[in-house]
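Chains A and B, in that order, are what the protein sequence lines are.
Under my numbering, the first sequence has 65 at position 39, and the numbering climbs by one with no breaks.
Under my numbering, the second sequence has 280 at position 278, and the numbering climbs by one with no breaks.
Don't be surprised by glycine CBs; every beta carbon is placed ideally from N, CA and C.
For reference, the structure is listed below as C-alpha cells.
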Amino acid sequence: MMFLRRDLDVNRRRDLEVIAGLVQPGNRVLDLGCGDGVFLKQLKEERGADVLGIEIDSDSIGRCIANGVPVIQGDLDNSLDFAEDHSFDLVVVSHTLQEIKRPDLLLKHIVRVGKRAAVSFLNFAHWRCRLQLLAGKMPRNAQLPYQWYNTPNIHLGTIADFRDTCREFGIEIVQETPIAARFPMLSRHLPNLFAVGAVFVLEKR
Amino acid sequence: MITVPQECRFTEALPLDCGRSLKDVVIRYETAGKLNADASNAVLITHALTGDAHVCGKHDVSDRKSGWWDEMVGPGKYIDTNRYFVICSNVLGGCSGSTGPQSIDPDTGKPYHLDFPVITVRDMVRAQKRLIDALGIRQLLAVVGGSMGGMQVLQWAVDYPDAMRAIVPIATAANYSPQNIAFDWVARDAIRSDANWKNGDYPPDDPPCRGLAAARMLAHITYLSEESLGRKFGRNLQDKSEYDFDFAHDFAVESYLEHQGKRFVERFDANAYLYITRATDYFDLTAETDGDLAKAFARVSAKFLIVSFSSDWLFPTRQSRLMVEALLRDRKEVSFCEIQSGYGHDAFLLEVDALGRMVRDFLRQVEVK
C-alpha cells in the first residue's frame, strides 16, 4: 500500500501474483487493507473466489463497491474479532503489516481466522537499505519514499526477523517466496540480503 | 419531474402483529421512472419517521418544494429514475395518505383515533409487500432507506428474503435502543399531556399543537450533533445583542427549534406520531431469535450495503457494526462504510454526494448480476 501503491497495475505486483496462485475456485479470501479492491476483483473474476476486503479509507471503500467487491470498513488493529476460527481459506496481508500498530497481534489473528495466511512485505535488510544505513541514513528509495518522521511504516522488518517471529509464535511457514528486483538467483540463495521483499504462506501449527 | 400520488386499496383485511386486522387499508404511493419489461428494475424507497410517499419531483410545477429525497432520486441522479422504477409509499399508520389513526373506521364510520391498532414496522412492511405484489413486481432490485426507513429495509430482507436482490439500510440498527425508546417516551408524554389531545379524540381543527411541537423539538435535537448545533448557531442570540432576562427565546437555537416545532404541526398528526414512534420502539429483528442477530439474518439472501455516519449518536456506527458482524458470521455478502460527517443523524439526508455515489455504484453492481 505504501511501498507500492495499490492502484498500480496489479501485474506489476509480483507478490500479488504469487498470492493469486494460492487461490482455488470457491475459496473464501479475506484481504486486509484491500485498497480499491482491484486484486480481490481479479481473484473473484479470474479465480472464482468468494472475496471480502477490509479497508479503512472511505474513498477506497467507494472504489471497492464500484468494483463489485464486498468491503467492510475497519481498522486492522481491532477489527478481526468478528471472524470465526478458520472461516476463510486464505487471509491476505499484502504490504500492510508495517503500518499496523500491533503486527504481532494481527499475525496471531490471521492464522486463527484463515486456514492459511499470505503475508507479503518489504525486506528492510536488502543490501541497498543496509548500504544506506551504513552511510548513516535511514533508507529512502522509490518504495520507501518517506522521511523517518512522516513514514506510515512504523514496523519495518526483515525476512530473517519474520522467520524468527513465526517460530516464536508457533506459526508454520508453509512457503517462502523471495521477490527479486534484479538478482533472482542471489535472491533465492540469500533472500535476506538480495530480495526486495517476500511472500510468506503461513499456517497455525 | 412531476410525480402523481396514487392509491392502492387492499380488498382483503391486513393481518397485524398485535393480532387484530385492518379492513379497507389504503396505501398512498408515488412512482418515478418506468418499470422494464421483466419488472427487474424496481427500487423501493422507504421513508423515515415523518416522511411521506413524495420522495422526488414535484406534484405541480408551481410547488415550492420537491420530494424529501429529491437530491438523491430523479433522472440522472444517484438513484437514477432513467434506469430504475422507483416506488415510495407512505407507511401504514401515517398521516400522509395511507391508512392511519385519523382514517375512518369502516365499522363505525368515525375516525379510529386511539381505536386504531398499535402497528409495528413489520406491519408497515407487510402493507408495502401487498403494494409491490399489486404492482406486479415479484422481485425488487433493491430496498433503500434511512433511519426508520432503514428498519423497514431490514425487515423486508428478513421477512421476504427472496423479494429483493439487495438492500441498503442507512443510519439504522437491528433494534431500537433503550435510549431511543426513552426519547420516544418523552415525546409521546408531551403529546399526551397536552390538554387538547383529549385521549386522541381532538377535532381536526384543534389538535394538540403544543405537545406535538415539543415532541418534534426534542426529536429534532436527536437528529443533530453537538458539532452541527455549535457550527450552525453557536451561542448566538436571535435578533438581539443582550439577554432579555426572561423565558422567551433569546438564543438562535431556541428560535430555530420553535420554528421547527411550529412548521411540523402544520403537516403532521399527533396521533400518527404516537403510533409510528410506538412501532419503532417495538422494532427488534432479534425478538424471535433470543437476541441472536446472526440467527435473525440466517435466511436473508439480499446483498447488503450498510452505511452509518460518524457523528450519528441516535443510530451510532457500533449498531451498524453489530449487523455487519452477524451477517459475516452467516457468510452473507455485505459491505459497510461509516461516512465521516458532522451532521449527526440528519447526515443521511444531508451527505447526499458521499452516500449517493456509494448507493449508485452498489446498485449498478447489483444490476449487472
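Assign residue i to one of two classes, buried (16 or more other C-beta atoms within 10 Å of its C-beta) or exposed (fewer than that).
{"i": "Lys200/B", "result": "exposed"}
{"i": "Trp70/B", "result": "buried"}
{"i": "Asp271/B", "result": "buried"}
{"i": "Cys63/B", "result": "It should be noted that the sequence gives Val, not Cys, for residue 63/B. That one is exposed."}
{"i": "Pro96/A", "result": "buried"}
{"i": "Val6/B", "result": "exposed"}
{"i": "Tyr245/B", "result": "exposed"}
{"i": "Gln50/A", "result": "exposed"}
{"i": "Leu329/B", "result": "buried"}
{"i": "Gln321/B", "result": "buried"}
{"i": "Ile134/B", "result": "buried"}
{"i": "Asp125/B", "result": "buried"}
{"i": "Lys70/A", "result": "buried"}
{"i": "Arg39/A", "result": "buried"}
Just to make sure I have the definition right: I need the residues of chain A whose C-beta is within less than 7 Å of the C-beta of residue i. Which are they?
{"i": "Ser343/B", "result": "Result: empty, since nearest Cβ-Cβ is about 10 Å, beyond 7 Å."}
{"i": "Glu335/B", "result": "Pro96"}
{"i": "Met74/B", "result": "Those do not exist, as Met74/B stays about 16 Å from chain A at its closest Cβ, beyond 7 Å."}
Can a CB atom of chain A be found closer than 8 Å to the CB of residue i?
{"i": "Leu330/B", "result": "yes"}
{"i": "Met150/B", "result": "no"}
{"i": "Glu353/B", "result": "no"}
{"i": "Phe338/B", "result": "yes"}
{"i": "Gln367/B", "result": "yes"}
{"i": "Arg359/B", "result": "yes"}
{"i": "Val326/B", "result": "yes"}
{"i": "Gln8/B", "result": "no"}
Find the residues of chain B that neighbour residue i, judging by a C-beta separation of less than 9 Å, and give them in chain order.
{"i": "Val117/A", "result": "None at all; the shortest Cβ gap to chain B is about 13 Å."}
Which residues in the same chain have their Cβ closer than 6 Å to the Cβ of residue i, if we skip the five residues on either side of it in sequence?
{"i": "Leu46/B", "result": "Ile89, Leu142 and Val145"}
{"i": "Cys60/A", "result": "Leu66, Gly79 and Glu81"}
{"i": "Leu56/A", "result": "Leu78, Phe114 and Val117"}
{"i": "Val53/B", "result": "The question names Val, yet the displayed sequence has Gly at residue 53/B. Only Trp70 meet the Cβ criterion."}
{"i": "Gly100/A", "result": "Ile80"}
{"i": "Glu35/B", "result": "The amino acid at residue 35/B is misidentified as Glu; the sequence shows Gly. These residues qualify, in order along the chain: Thr83, Tyr86, Phe87 and Val88."}
{"i": "Pro108/B", "result": "Lys25 and Asp26"}
{"i": "Phe220/A", "result": "Phe209, Leu212 and Ser213"}
{"i": "Tyr284/B", "result": "Thr122"}
Quick one: is residue i near chain B, going by C-beta distance under 8 Å?
{"i": "Ser84/A", "result": "yes"}
{"i": "Phe68/A", "result": "It is worth fixing the name first, because residue 68/A is Gln in this sequence and not Phe. With 8 Å as the cut-off, Gln68/A does not count as an interface residue toward chain B."}
{"i": "Glu72/A", "result": "no"}
{"i": "Gln169/A", "result": "no"}
{"i": "Phe65/A", "result": "no"}
{"i": "Ala143/A", "result": "no"}
{"i": "Ala75/A", "result": "no"}
Residue i lies in the alpha helix (DSSP H); which residues open and close that run?
{"i": "Ile193/B", "result": "Pro180 to Ser195"}
{"i": "Thr319/B", "result": "Thr319 to Arg331"}
{"i": "Glu43/A", "result": "Arg40 to Ala46"}
{"i": "Asp130/A", "result": "Pro129 to Val139"}
{"i": "Cys192/A", "result": "Ile185 to Phe195"}
Mind listing the chain A neighbours of residue i? Cutoff is C-beta to C-beta under 8 Å, in chain order.
{"i": "Ile363/B", "result": "For clarity, residue 363/B is Asp in the given sequence; the question names Ile instead. Neighbours of Asp363/B on chain A, chain order: Gly88, Ile91 and Ala92."}
I'd like the list of long-range same chain contacts for residue i, defined as Cβ closer than 7 Å, with 5 residues on each side in sequence excluded.
{"i": "Leu216/A", "result": "none"}
{"i": "Ala189/B", "result": "Ala217, Leu220, Ala221 and Thr279"}
{"i": "Leu239/B", "result": "Asp252, Phe253 and Ala254"}
Take residue i and list the residues in its own chain whose beta-carbon comes closer than 8 Å to its own, dropping the five residues that flank it on each side.
{"i": "Arg362/B", "result": "Tyr80, Ile81 and Asp82"}
{"i": "Val200/A", "result": "Arg142, Val227, Leu228 and Glu229"}
{"i": "Asp195/B", "result": "It is Ser, not Asp, that sits at residue 195/B in the sequence shown. Excluding positions up to five away in sequence, the list reads Gly213."}
{"i": "Ala184/B", "result": "none"}
Against residue i, what residues of chain B qualify as contacts under a CB-to-CB distance less than 7 Å, listed in chain order?
{"i": "Phe114/A", "result": "What Phe114/A touches in chain B: nothing, since even the nearest Cβ is about 10 Å away."}
{"i": "Gln99/A", "result": "Phe338, Cys339 and Glu340"}
{"i": "Phe108/A", "result": "Glu327 and Leu330"}
Hey, is residue i close to the ligand ATP, as in C-beta under 7 Å from one of its heavy atoms?
{"i": "Asn104/A", "result": "Of the ligands one can find in the structure shown there are none, so the ligand ATP has no counterpart to examine."}
Starting from residue i, find everything on chain A with Cβ-Cβ shorter than 9 Å and list it in chain order.
{"i": "Arg265/B", "result": "Ordered by position in chain A, no residue passes the 9 Å Cβ test against Arg265/B, which lies about 34 Å from the chain."}
So the beta strand (DSSP E) residue i belongs to, where does it begin and stop?
{"i": "Met2/B", "result": "Coverage of chain B is limited to positions 3 through 371, which leaves residue 2/B absent and any answer about it impossible."}
{"i": "Thr33/B", "result": "Val28 to Ala34"}
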